[in-house]
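So the structure is just underneath, and the comments pick up after that.
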Amino acid sequence: MKKFFGSKSTKDKKPGSSPPPQVHAQLPRPSNGHQQQPPPAASTPPPGAATMHFTSLAGTPSSGPPPGQNGGGQNGYGNGGAPGGGGYPPSTAGGGYPPISAPPSSSSYGYNGQQQHSQYSGMPQPHHLQQQQQQHQHQQQHHQQQQHGGIPAPPSSNAIYPPRQQQAPVPSPPPSSGGAYQASAYNPGYMVAQQGPGQTNGGSKLTGDPKEDYPIVMAIDFGTTFTGCAFAFRKDPEIQEIITWPKQAYQYPKVPTISLYKLDSPDFLDWGYPARAVMMTPNAKRHLLLSKFKLQLDDQQEHIEPLPLGIKPLDAISDYLGKFHSHVVKEAMKNFGSTYDQSHIQYCLTVPAMWSDRAKHVMRLAAVRAGMIKEEDPAHRLIIVSEPEAAAMYCQSKGDQFNLQKHDRFLICDAGGGTVDLIVFEVVDVNPETGIRSLREVTRGHGASCGSAFLDANMEKLLREKFQKYPLTPMGWGTIMDTFVNQTKPIFPGTDPEMYLQVPNIPNLPDANDLDIGLEDGMLKLMVSELHERVFDPVVKDVLDLIEHQLNQTHCEAIFLVGGFGSSRYLFDRVTAKFATSGRQVRVPPRAELAVVRGAVTYGLHQGSIISRVARRWYGVDSAMDFVQGVDPEEKKTLSRDGTTRCKDRFSVYIHPGQSVALGECVTKKYMTWCYPRPLDCPLYVSDSAEEPRYVDEPSVKKLGDFQIPMPDIPGMMPGSEVLVEVKMHFGETEVRAEALVLGQTVTAVCQWIG
306 MKKFFGSKST KDKKPGSSPP PQVHAQLPRP SNGHQQQPPP AASTPPPGAA TMHFTSLAGT
366 PSSGPPPGQN GGGQNGYGNG GAPGGGGYPP STAGGGYPPI SAPPSSSSYG YNGQQQHSQY
426 SGMPQPHHLQ QQQQQHQHQQ QHHQQQQHGG IPAPPSSNAI YPPRQQQAPV PSPPPSSGGA
486 YQASAYNPGY MVAQQGPGQT NGGSKLTGDP KEDYPIVMAI DFGTTFTGCA FAFRKDPEIQ
546 EIITWPKQAY QYPKVPTISL YKLDSPDFLD WGYPARAVMM TPNAKRHLLL SKFKLQLDDQ
606 QEHIEPLPLG IKPLDAISDY LGKFHSHVVK EAMKNFGSTY DQSHIQYCLT VPAMWSDRAK
666 HVMRLAAVRA GMIKEEDPAH RLIIVSEPEA AAMYCQSKGD QFNLQKHDRF LICDAGGGTV
726 DLIVFEVVDV NPETGIRSLR EVTRGHGASC GSAFLDANME KLLREKFQKY PLTPMGWGTI
786 MDTFVNQTKP IFPGTDPEMY LQVPNIPNLP DANDLDIGLE DGMLKLMVSE LHERVFDPVV
846 KDVLDLIEHQ LNQTHCEAIF LVGGFGSSRY LFDRVTAKFA TSGRQVRVPP RAELAVVRGA
906 VTYGLHQGSI ISRVARRWYG VDSAMDFVQG VDPEEKKTLS RDGTTRCKDR FSVYIHPGQS
966 VALGECVTKK YMTWCYPRPL DCPLYVSDSA EEPRYVDEPS VKKLGDFQIP MPDIPGMMPG
1026 SEVLVEVKMH FGETEVRAEA LVLGQTVTAV CQWIG
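Sequential numbering of the sequence shown, starting at 306, is according to my numbering.
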């Protein structure tokens, strides 16, 4: 099973990091009033879809049927839906420490543009068109064989024609132009770009008014170790947290991110405190307690173990979120009248900034499965918010308290249970009426899996070494780790050279004494120096390195530590000692463990406050460009229709890492296609490489997905007609979004993600 996204570049990669197990997820195609079928495998386009490859002005597609053959069905129309169409080419939060009690198919059309039961490729082609096509193919093949000698000529069905007014290829613009290299292609299954570079403009906003459609904003901070929820009513935006949970002995605004399954089957049984309570009973041996499954979506983690019982990350997350969501909605609705229900809620779901587009998509799928939203809901009903952005919105709300002025820059270090995320923001302006500060990202979001859960893992490893002679039960291990999390970790390092940890009754050790391991009267003595070396410092060093990486890119006036781990006194002392200067303050805002969930609500109430973001990676499309002798390999050499030698499989850049993209900004390009009435398949590639990738088949380049662009029904338009398509890619939001203007109608391009 191949990895979905490219590994982190060598320059930024941290020792020990690695990709998680592959998550399989595809976003269902919108029905558009037609019957749906399951989408095909991600490696090939869906039946009836036209594949969009890009070439330079006289380039050629990267692949197609062999010369002299038709790529289509028996009618000769091909997959592109027009005469001579070629076949498909190969596809290439928070770690707070509260005490834990024991307790597809695209629609098929006929000539009249109406839906038919048979595929269009199966319809008979008029006889006179067959004769004309065959005669034209033979003439072209004969001419090419005489003219071009040893260089393979493309099949006539995939012939590439430059625009009539263009006689010479145009060089590719630099990445900073904001647009991909323009392409031209004749094959009906491909898209022909109009002359000129891609245009960066304001794009269009999502349809609908969230303030009218959804009077309630609810944020969910799905964390590695704990999950929280907060909400607000737009007309009275006082933020409230959910503080009561099933079988909870006290009030706290977070609940453990744990799920209970049967030991011999992937049957989901319970979540949160009830799940923990079962594992504190003799029945524990018949159950499986699943935790930290959020880390499965971290593409930078290496050697992460797959979930047991064949449970997929998407299943584990949706199982948990389903029960969590039902509970928080029930609790929140106690604050509203009977005229409001779950359909009036707009959601803000937080994710680490370092997560890939695939991981964000898995969370959106999980939200659908959990019953938070429906597939047919507008995309803006669920807003994916990066955790540092949410924390920044919380900290800016305390701007007067921290004296944040216009043009001040501050670093958000969101240190949670599993991940640590960092971004530097700048205050752009302050709304005099609301006091809300508009912010822009200054640096690329950066992070790693080095949260407080890794302290716990280090501690458990140390304790297992000490107690290797004694068979502690799962309940015993749960008790001793709870003691460390709730009593030892928060006060580390203390003032004495040793710390003590109370341990439960141990079989075969009735007097609870073993001086060899430091156990006396049920109390385990731990040297602070050993805890520094074995438990705390390896993780804290990773956090300090992440902060230093951000500060090396820009200056800032303040560092805000947020999240459960960010509330740690030891972490605060280490960060202050290394980075605090006369011109830079290190601060922990009030209720720092709730900064993300409360900030996400503020984000939902004041959407657009983050006015620009910095791209994390390369985004581009497949293209054919001028062949550079001595640089491009001979096997990538191909000949275009006008006799120009091209290099196929070139990575044509849309957006480059570090590029600032304003909110609502998009890259727009115009293309011609002959695939009508079939949907157009627009593949998008991504790379985390430090250097600009040259080819789409490089190891660092991965196919992100295919944006499906549906064709609207136009009465009287014949299949295979020429259609002008304007494709708009939005990169200024937390999720990549695409839309298209087809025949004067704006359509949403639905992404079939790979993974």
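For every residue, glycine included, the Cβ atom is placed at its ideal position computed from N, Cα and C.
Please read these numbers as outputs of a predicted model, since none were measured by experiment.
Which residue wins for smallest C-alpha separation from residue i, given the options the options?
i: residue 764; options: 780, 776, 749, 785; result: 785
i: residue 638; options: 876, 826, 1028, 520; result: 520
i: residue 942; options: 971, 1000, 978; result: 1000
i: residue 1003; options: 1021, 937, 981; result: 937
i: residue 990; options: 927, 872, 1022; result: 927
i: residue 642; options: 538, 733, 877; result: 538
i: residue 823; options: 809, 811, 839, 805; result: 805
i: residue 721; options: 600, 625, 661, 619; result: 600
i: residue 897; options: 703, 691, 682, 565; result: 703
i: residue 665; options: 1014, 535, 687; result: 687
i: residue 595; options: 608, 572, 603; result: 572
i: residue 770; options: 591, 710, 839, 828; result: 839
i: residue 830; options: 772, 853, 855; result: 772
The alpha helix (DSSP H) with residue i in it runs from where to where?
i: residue 694; result: 692–702
i: residue 577; result: 577–583
i: residue 779; result: 779–788
i: residue 883; result: 874–884
i: residue 762; result: 757–771
Compute the Euclidean distance between the alpha carbons of residue i and residue j, then round it to the nearest angstrom.
i: residue 882; j: residue 693; result: 23 angstroms
i: residue 902; j: residue 525; result: 6 angstroms
i: residue 1051; j: residue 974; result: 14 angstroms
i: residue 963; j: residue 747; result: 9 angstroms
i: residue 1042; j: residue 970; result: 11 angstroms
i: residue 652; j: residue 568; result: 33 angstroms
i: residue 819; j: residue 801; result: 22 angstroms
i: residue 908; j: residue 931; result: 46 angstroms
i: residue 880; j: residue 906; result: 28 angstroms
i: residue 726; j: residue 715; result: 14 angstroms
i: residue 523; j: residue 706; result: 26 angstroms
i: residue 542; j: residue 910; result: 8 angstroms
i: residue 921; j: residue 1021; result: 45 angstroms
i: residue 559; j: residue 597; result: 15 angstroms
i: residue 755; j: residue 588; result: 33 angstroms
i: residue 659; j: residue 751; result: 6 angstroms
i: residue 913; j: residue 992; result: 27 angstroms
i: residue 862; j: residue 916; result: 20 angstroms
i: residue 562; j: residue 575; result: 11 angstroms
i: residue 955; j: residue 929; result: 6 angstroms
Is residue i helix, strand or coil when you go by DSSP?
i: residue 932; result: coil
i: residue 855; result: helix
i: residue 988; result: strand
i: residue 970; result: coil
i: residue 911; result: coil
i: residue 592; result: strand
i: residue 659; result: coil
i: residue 367; result: Residue placement at residue 367 cannot be trusted, given a pLDDT of 34 that sits under 50; what the coordinates show is reported in the next sentence. Three-state DSSP puts residue 367 in coil, outside helix and strand.
i: residue 817; result: coil
i: residue 834; result: helix
i: residue 1054; result: strand
i: residue 920; result: coil
i: residue 848; result: helix
i: residue 639; result: helix
i: residue 843; result: helix
Starting from residue i, trace the beta strand (DSSP E) in both directions and tell me its first and last residue.
i: residue 1006; result: 1006–1014
i: residue 866; result: 863–867
i: residue 533; result: 531–538
i: residue 956; result: 950–960
i: residue 794; result: No beta strand (DSSP E) holds residue 794; DSSP gives it neither H nor E.
i: residue 891; result: 890–892
i: residue 803; result: 803–807
i: residue 1032; result: 1028–1035
i: residue 1042; result: 1042–1047
Does any residue of chain B have a CB that is nearer than 8 angstroms to the CB of residue i?
i: residue 830; result: Although the question refers to chain B, the structure presented lacks it and comprises just one protein chain.
Could you tell me which whole alpha helix (DSSP H) segments of length 4 or greater appear in the stretch 665–747? 692–702, 704–707
Complete beta strand (DSSP E) runs within the stretch 546–574 (minimum length 3 residues, chain order): 559–561, 563–567
Would you list, in sequence order, the uninterrupted alpha helix (DSSP H) runs of no fewer than 4 residues that lie entirely inside the stretch 587–637? 618–637
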